[in-house]
Amino acid sequence: HTFGRCGRTNAPGAPRGTVIAQSYTGGTQTFVFTPEPPRGPGLLEVGGIRGARSLVVLDLRQQVPACDPAGPPCGTVPLSEVTLNEVALLLRPSAVPEAFSVRGTTRLTMREVFEPSLGARAPLGNLIFNANAALFDRGDTLAVIPLTGYVQSRILTDSLRPDTVAFLAENGGEEFGVAFFEPSARLRITYTLPVPATLP
Numbered sequence: 597h598t599f600g601r602c603g604r605t606n607a608p609g610a611p612r613g614t615v616i617a618q619s620y621t622g623g624t625q626t627f628v629f630t631p632e633p634p635r636g637p638g639l640l641e642v643g644g645i646r647g648a649r650s651l652v653v654l655d656l657r658q659q660v661p662a663c664d665p666a667g668p669p670c671g672t673v674p675l676s677e678v679t680l681n682e683v684a685l686l687l688r689p690s691a692v693p694e695a696f697s698v699r700g701t702t703r704l705t706m707r708e709v710f711e712p713s714l715g716a717r718a719p720l721g722n723l724i725f726n727a728n729a730a731l732f733d734r735g736d737t738l739a740v741i742p743l744t745g746y747v748q749s750r751i752l753t754d755s756l757r758p759d760t761v762a763f764l765a766e767n768g769g770e771e772f773g774v775a776f777f778e779p780s781a782r783l784r785i786t787y788t789l790p791v792p793a794t795l796p
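Position one of the sequence shown corresponds to residue 597 (our numbering), numbered consecutively onward.
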């Protein structure tokens, strides 16, 4: 930052003012909360005053039944061999102290993570899906995180390896409430099996 200060003098012929330029570099900023916002030990924590994020490992090396599970056993096939209709991560919310719970709508999303070994301080990459695609409201009993496009793109590049991603809220300061979710998430996969070719 650059600050200027002007001063006047009444001496005849003297300049009307003097400007002194001084540069200032701020140090580490510290935020103080009263009371301290709650944490969710063992839970997935997103949003809130801290802008909390949680790192999640998505293991997409899933095998799905190759026929109707209600029928006789028929083995499994990888996701790359079926037509994906929907892939979604299902999360159950956990209770948050009343004063800090979500009041409006929280836009949940996920971002790619660079250097996951750095934990919560790892730099973030591209959005995995649009931030308006997963809206979480106060009182919702289930958060549905859409991953269909992400998984389809991984299949196209033949890279269904486990990925570490950041689960967070991107509200731009519109919602200061924090959201907690149970860590026992479920992956819902809806798919269509290819129809085997038949000869006339």
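The beta carbon of each residue, even a glycine, is placed where N, CA and C say it ideally should be. Because the structure is a prediction, the values reported are computed rather than measured.
Identify whether residue i lies in helix, strand or coil by the three-state DSSP scheme.
{"i": "residue 616", "result": "coil"}
{"i": "residue 750", "result": "helix"}
{"i": "residue 690", "result": "strand"}
{"i": "residue 685", "result": "strand"}
{"i": "residue 638", "result": "coil"}
{"i": "residue 666", "result": "coil"}
{"i": "residue 599", "result": "With a pLDDT of 36 at residue 599, under the threshold of 50, the modelled position of this residue cannot be trusted; read the value that follows with caution. Reduced to three states, the DSSP call for residue 599 is strand."}
{"i": "residue 604", "result": "Low per-residue confidence applies at residue 604: pLDDT is 47, beneath 50, and the placement is therefore not dependable enough to give any value."}
Which residue or residues does DSSP assign as beta-bridge partners of residue i?
{"i": "residue 674", "result": "659"}
{"i": "residue 798", "result": "With the chain covering only 597 through 796, there is no way to say anything about residue 798."}
{"i": "residue 648", "result": "643"}
{"i": "residue 699", "result": "Residue 699 pairs with nothing; no bridge assigned."}
{"i": "residue 680", "result": "787"}
Look at the alpha carbon of residue i and the alpha carbon of residue j, and state the distance between them as a whole number of angstroms.
{"i": "residue 632", "j": "residue 643", "result": "15 Å"}
{"i": "residue 640", "j": "residue 773", "result": "14 Å"}
{"i": "residue 659", "j": "residue 749", "result": "17 Å"}
{"i": "residue 686", "j": "residue 785", "result": "11 Å"}
{"i": "residue 665", "j": "residue 646", "result": "45 Å"}
{"i": "residue 766", "j": "residue 668", "result": "46 Å"}
{"i": "residue 737", "j": "residue 760", "result": "25 Å"}
{"i": "residue 674", "j": "residue 657", "result": "7 Å"}
{"i": "residue 676", "j": "residue 693", "result": "43 Å"}
{"i": "residue 788", "j": "residue 663", "result": "10 Å"}
{"i": "residue 638", "j": "residue 713", "result": "19 Å"}
{"i": "residue 680", "j": "residue 741", "result": "15 Å"}
{"i": "residue 615", "j": "residue 723", "result": "46 Å"}
{"i": "residue 781", "j": "residue 775", "result": "15 Å"}
{"i": "residue 688", "j": "residue 747", "result": "22 Å"}
{"i": "residue 704", "j": "residue 617", "result": "45 Å"}
{"i": "residue 682", "j": "residue 745", "result": "9 Å"}
{"i": "residue 743", "j": "residue 695", "result": "32 Å"}
{"i": "residue 635", "j": "residue 790", "result": "47 Å"}
{"i": "residue 783", "j": "residue 655", "result": "10 Å"}
{"i": "residue 734", "j": "residue 691", "result": "11 Å"}
{"i": "residue 778", "j": "residue 739", "result": "11 Å"}
{"i": "residue 670", "j": "residue 661", "result": "7 Å"}
{"i": "residue 725", "j": "residue 678", "result": "22 Å"}
{"i": "residue 709", "j": "residue 762", "result": "6 Å"}
Worksheet item: Which ranges would you report for the beta strand (DSSP E) in the segment 760-786 if only whole runs of at least 3 residues count?
Response: Correct list: 774-777.
Worksheet item: Using 8 Å as the threshold, is the segment 643-658 in touch with the segment 713-733, meaning 3 or more CB pairs across them?
Response: With the cut-off at 8 Å, the segment 643-658 and the segment 713-733 touch.
Worksheet item: Which parts of the segment 705-760 are runs of the alpha helix (DSSP H), unbroken and 4 residues or longer, counting only runs that do not cross its ends?
Response: Along the segment 705-760, the alpha helix (DSSP H) occurs as fully enclosed runs of 4 or more residues at 744-752, listed in sequence order.
Fill in: Three CB pairs or more closer than 8 Å across the segment 687-705 and the segment 751-761
Touching, no.
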